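Numbering-wise, our numbering comes out as the position in the sequence shown, counting from 1, plus 6. Data block below; observations after.
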Amino acid sequence: MEYKRLDNGFSIPALGLGTWLLGGGIEADYSKDEKNINAIKEAIKLGYLHIDTAESYGCGHTEELVGLAIKDFNRPDLFITTKVTDIHLRYNKLINSAKASLKRLQTDYIDLYFIHAPNPDIPIKETMEAMDYLVEQKIVKFIGVSNFTVEALKEAKEAQKHSDNKIVANQIEYNLLTRNKGRYGNNHSMESATIPYCQENDIIIIAERPLERGILLKPHPVMDKLAEKYNKTKAQIALNWLISKENIATTPMSTNVEHLKENLGAIGWNLSNEDMKLLDETNFERLIS
Ligand SMILES: NC(=O)c1ccc[n+]([C@@H]2O[C@H](COP(=O)([O-])OP(=O)(O)OC[C@H]3O[C@@H](n4cnc5c(N)ncnc54)[C@H](OP(=O)(O)O)[C@@H]3O)[C@@H](O)[C@H]2O)c1
7 MEYKRLDNGF
17 SIPALGLGTW
27 LLGGGIEADY
37 SKDEKNINAI
47 KEAIKLGYLH
57 IDTAESYGCG
67 HTEELVGLAI
77 KDFNRPDLFI
87 TTKVTDIHLR
97 YNKLINSAKA
107 SLKRLQTDYI
117 DLYFIHAPNP
127 DIPIKETMEA
137 MDYLVEQKIV
147 KFIGVSNFTV
157 EALKEAKEAQ
167 KHSDNKIVAN
177 QIEYNLLTRN
187 KGRYGNNHSM
197 ESATIPYCQE
207 NDIIIIAERP
217 LERGILLKPH
227 PVMDKLAEKY
237 NKTKAQIALN
247 WLISKENIAT
257 TPMSTNVEHL
267 KENLGAIGWN
277 LSNEDMKLLD
287 ETNFERLIS
């Protein structure tokens with residue numbers, strides 16, 4: 007597995023497994039538990055070490071499925087990330103959320119704990135103090151944020167200026183199609199502002215929704231040409247474009263074993279600089295028009 011690393015010693019597997027809609031969306035769905043647990047176990051056996059979830063996914067049920075899937079593996083080999091919802095960012099609520107996530111995940115620590123989205127009604131200082139407490143208590147190893155703009159990141163970094171627990175990651179919507187048109191947390195300038203800011207400030211970017219839920223796999227002349235040139239699939243090209251970039255990791259979601267294997271084939275090679283530039287400059291809007 008390839009890793010993305012920061013100078014402060016933080017490292018994260020470049021390709022992880024997303025879990026949104028696995029075990030429900032905004033409500034729990036118990037109907038495919040066996041299939042979903044097996045998919046996560048299969049992913050780990052194939053080499054996925056980084057698993058991304060959230061307390062809100064499936065109303066907590068997704069974390070339960072991750073917990074059931076990982077319990078027979080060696081926990082230190084895995085890198086588990088989860089997220090606290092933006093309505094739980096008050097000091098005590100946040101700590102209770104993290105403890106509830108530990109229970110559902112059947113683990114005693116979270117590798118990287120994200121603030122799922124900023125909440126302008128709750129002072130970021132209070133939220134970051136709770137995050138610091140979780141690190142001090144060894145409940146959380148590293149602190150991350152998600153759907154944070156440059157402005158929100160600056161405020162969070164300011165709140166952490168006297169803390170040793172720096173923000174190491176920002177999980178944001180980013181793929182070949184979304185570029186500067188994110189839908190969450192006012193993240194409209196990912197490529198032009200948020201990503202350069204993170205790269206300059208030692209913050210890893212985790213690109214969420216890397217395949218735009220499959221839309222990027224539709225026919226497109228540039229993708230089709232590159233897939234043929236590299237003898238790779240379009241999913242592998244779309245994922246490689248992300249992880250070939252400085253400090254970008256990503257977590258495609260799949261419960262299909264063939265897709266899980268295919269997506270792993272996005273690592274271990276790199277698109278040429280020329281083809282990276284070609285993709286950078288290609289407009290994929292036609293896929294949704
Ligand atoms: N922080 C946030 O606010 C936030 C927001 C969005 C997403 N995320 C994270 O990012 C993860 C990824 O985003 P996402 O799940 O929304 O979308 P995604 O990874 O872009 O797409 C997932 C969809 O693509 C399909 N797929 C995956 N690999 C494929 C392949 N090789 N060939 C064909 N189809 C393939 C999957 O279906 P199959 O199961 O059939 O393969 C699934 O329907 C999430 O699961 C979540 O962990 C975080």
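Beta carbons: idealized from backbone N, C-alpha and C, even for Gly. Owing to the predicted nature of the structure, the values given are computational and were not obtained by experimental measurement.
Item to check | Exposure of H168, with buried meaning 16 or more beta-carbon neighbours within 10 Å | outcome: Working through the sequence shown from its first residue, we reach residue 168 at position 162. So H168 counts as exposed.
Checklist entry - For ligand 1, any of its heavy atoms closer than 7 Å to the Cβ of H122? => result By one-based count along the sequence shown, residue 122 stands at place 116. H122: yes, Cβ under 7 Å from ligand 1.
Next on the checklist: Looking only at its chain, what residues have a beta carbon closer than 7 Å to the beta carbon of Q177, apart from the 5 residues adjacent to it on each side?
Outcome noted: Taking the first residue of the sequence shown as position 1, residue 177 is located at position 171. Result list for Q177: F120, G150, S152, I212 and E214, in chain order.
Next on the checklist: Once the 5 residues before and after L277 are set aside, which same chain residues still bring their CB inside 8 Å of it?
Outcome noted: As a first step, residue 277 is located in the sequence shown; it is residue number 271 there, counting from the start. Here the set comprises L232, Y236, I243, N246, W247, S250 and L285.
Checklist entry - For A34, which of helix, strand or coil comes out of DSSP? => result In the sequence shown, counting from the first residue as 1, residue 34 sits at position 28. If DSSP states are grouped into helix, strand and coil, A34 belongs with the strands.
Next on the checklist: Taking its Cβ as the centre, do 16 or more other Cβ atoms sit within 10 Å of D170, making it buried, or is it exposed?
Outcome noted: Here the question's residue 170 lines up with position 164 in the sequence shown. Exposed: under 16 other Cβ atoms inside 10 Å.
Next on the checklist: Measuring CB atoms only, is the stretch 69 to 76 touching the stretch 265 to 281, in the sense that at least three cross pairs come out at less than 8 Å?
Outcome noted: With fewer than three CB-CB distances shorter than 8 Å, the stretch 69 to 76 does not count as touching the stretch 265 to 281.
Item to check | Cβ-Cβ distance between S198 and H122 below 8 Å | outcome: The residue given as residue 198 occupies position 192 in the sequence shown. The residue given as residue 122 occupies position 116 in the sequence shown. Not closer than 8 Å, so no.
Next on the checklist: Under 8 Å, Cβ to Cβ, is there at least one residue of chain D near T155?
Outcome noted: In the displayed structure, chain D is absent; only one protein chain is listed.
Checklist entry - By Cβ distance, which residues of its chain are closer than 6 Å to Q205, with the 5 residues on each side in sequence left out? => result Working through the sequence shown from its first residue, we reach residue 205 at position 199. E252 and N253, listed in sequence order.
Item to check | N44 vs L28 beta-carbon contact at 8 Å | outcome: As a working mapping, residue 44 is identified with position 38 in the sequence shown. As a working mapping, residue 28 is identified with position 22 in the sequence shown. No, these two residues do not count as a Cβ contact at 8 Å.
Next on the checklist: Comparing C-alpha positions only, which one of K109, K99, T113 and D114 sits nearest to M137?
Outcome noted: Here the question's residue 137 lines up with position 131 in the sequence shown. The shortest Cα separation from M137 among K109, K99, T113 and D114 belongs to K99.
Checklist entry - Say the cut is 7 Å; is the CB of W26 nearer than that to a heavy atom of ligand 1? => result Within the sequence shown, residue 26 is the residue found at index 20, counting from 1. A heavy atom of ligand 1 is found nearer than 7 Å to the CB of W26.
Item to check | heavy atom of ligand 1 below 7 Å from H265 C-beta | outcome: On the sequence shown, residue 265 is found 259 positions in, with the first residue counted as 1. H265 Cβ: within cutoff of ligand 1.
Checklist entry - Near I46, which residues of its chain fall below 8 Å by C-beta distance, leaving aside the five closest residues on each side in sequence? => result The residue labelled residue 46 in the question sits at position 40 within the sequence shown. Answer for I46: L23, T25, L28, I57, L71, V72, A75 and I76, listed in chain order.
Checklist entry - Heavy atom of ligand 3 less than 7 Å from the Cβ of D117, yes or no? => result No copy of ligand 3 appears in this structure; the ligands present are ligand 1.
Next on the checklist: Would you call the stretch 11 to 21 in contact with the stretch 221 to 229, where contact means no fewer than 3 C-beta pairs closer than 8 Å?
Outcome noted: no
Next on the checklist: By the three-class DSSP mapping on this structure, what secondary structure does L182 have?
Outcome noted: Stepping through the sequence shown from its first residue, residue 182 is reached at position 176. Reduced to three states, the DSSP call for L182 is coil.
Item to check | When I116, G188 and C65 are compared against T155, the one with the closest alpha-carbon | outcome: Walking along the sequence shown from the start, residue 155 turns up at place 149. Comparing Cα positions, the closest option is G188.
Checklist entry - Around the Cβ of G220, are there at least 16 other Cβ atoms within 10 angstroms (buried) or fewer (exposed)? => result Here residue 220 is taken as the residue at index 214 of the sequence shown, counted from 1. When all chains shown are included, G220 counts as exposed.
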